[in-house]
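K.L.:
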Amino acid sequence: MPKRVAVGVVTSDKMSKTRRVEIPRVVKHPKYGKYLRRRTVCYAHDEGNESRVGDTVEIVESRPMSRLKRWQLVRVVAKSRLVDVAAMRAAARARSREADAPAADAAAEPPTE
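Here it is as structure tokens:
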């Protein structure tokens, strides 16, 4: 029997060598006919820690590696284009503190006569 292959988006990379991958799908409600968005969550083994949050990845079914992990990362289809705003703000704050530091040092020195 061939192994199943799926394409999804990485939603968590907090674990070492493990990624949480969501596979979105659209289903039709049996009674009302409205189309609903659903998702399947898979935990995939990423040996090289090469994927990040927001990346589109291809995973393949594998032997059970842990209680939840039943998939293995094959390749990263597309890298994420998400911007980490918090990291950018922290870097900007650090740069502004470095720029203000020489001025603060000059003001703290007593005048020499």
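Each residue of the sequence shown is one higher than the last, beginning at 88 in the numbering used here. Cβ atoms here follow ideal geometry from the backbone N, Cα and C, with glycine treated the same way.
1) Determine the contact status of L160 and V140, defining contact as a CB-CB distance below 8 Å.
2) So for S183, helix, strand or coil by DSSP?
3) What is the rounded straight-line gap between the Cα of S149 and the Cα of T143?
4) Exposed or buried, what is S103 when buried is set at 16 or more other beta-carbons lying within 10 Å of its beta-carbon?
5) If you follow the beta strand (DSSP E) that V96 is in, where does it begin and where does it stop?
6) Whole angstroms are fine: how far does the CA of A173 sit from the CA of G95?
7) Roughly how many angstroms lie between the CA atoms of P117 and R126, to the nearest whole one?
8) With a threshold of 6 Å on Cβ separation, who are the neighbours of S99 within its own chain once the five nearest residues in sequence on each side are excluded?
P.N.:
Taking the geometry as given:
1) no
2) helix
3) 19 Å
4) exposed
5) V92 to S99 is the extent of the beta strand (DSSP E) around V96.
6) 25 Å
7) 17 Å
8) For S99, where only same-chain residues beyond five positions count, the Cβ hits under 6 Å are R107.
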